[in-house]
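Trainee: Numbering (our numbering), first residue to last: 278 to 432. Ideal Cβ positions, reconstructed from N, Cα and C, are used throughout, including at glycine. Bear in mind the structure is a predicted one, so any value in this text is a computation, not a measurement. Dropping a structure here in structure tokens format, bear with me for questions.
Right under this line is the structure:
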């Protein structure tokens, strides 16, 4: 009888250790869109807890992260030309957590100075680029337009 009790105790102990040592994992699925245009953004890198896990959004703006430990995590969304955003989420074990993210374009900040010369087709003034807006500057120039975000190609 004592021997059976020892076996039962060992089995219960073993089961308890195995059950409580198994960490639960879930997954994260989401979509990323341009906040102003409402279109999917391809190539956004999504990091979980500062690079521990990462994924990249596809042409439909969809990303998937698998085998994420259950608990609270911080997602970071990064893409050149967009403002980096962060979301705090809670992952439940053996479930998929859904996330929607909306990113804004990051425009350069330019401080323009006084105009020093105006001619029929040219104006000369000085300025300073204070922030490149997350994208490399490939050309410098001046654009005059009535559009909200003018570009060199606008007509």
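Quick one: Cα of residue 298 to Cα of residue 351, how far?
Mentor: At residue 298 the pLDDT is 47, less than 50, meaning the model places this residue with poor confidence; the figure from the coordinates comes in the next sentence. In a straight line, the C-alpha of residue 298 is about 24 Å away from that of residue 351.
Trainee: Determine the direct distance from the alpha carbon of residue 356 to that of residue 366, and round the result to whole angstroms.
Mentor: 20 Å
Trainee: When we look at the beta-carbon of residue 387 and count the other beta-carbons within 10 Å, is it buried (16 or more) or exposed?
Mentor: exposed
Trainee: Considering residue 436, what are the terminal residues of the beta strand (DSSP E) in which it resides?
Mentor: Since the first and last residues shown for the chain are 278 and 432, residue 436 lies out of range.
Trainee: Based on the DSSP secondary-structure assignment, which residues constitute the bridge partners of residue 362?
Mentor: 354
Trainee: Tell me whether the beta-carbon of residue 354 lies closer than 9 Å to the beta-carbon of residue 305.
Mentor: no
Trainee: For residue 323 versus residue 334, is the C-beta spacing smaller than 9 Å?
Mentor: yes
Trainee: For residue 343, which residues in the same chain have their Cβ closer than 6 Å to its Cβ, ignoring the five residues on either side in sequence?
Mentor: 304
Trainee: Is residue 378 buried or exposed, if buried means 16 or more other CB atoms sit within 10 Å of its CB?
Mentor: Taking a 10 Å sphere around the C-beta of residue 378, we find 16 or more other C-beta atoms and assign the residue as buried.
Trainee: Among 403, 311 and 371, which one has its Cα closest to the Cα of residue 359?
Mentor: 311
Trainee: When the Cα of residue 389 is compared with those of 403, 301 and 376, which residue comes out closest?
Mentor: 403
Trainee: Considering only C-alpha positions, which residue in the set 301, 309 and 302 is nearest to residue 381?
Mentor: When C-alpha distances from residue 381 are compared across 301, 309 and 302, the shortest belongs to 309.
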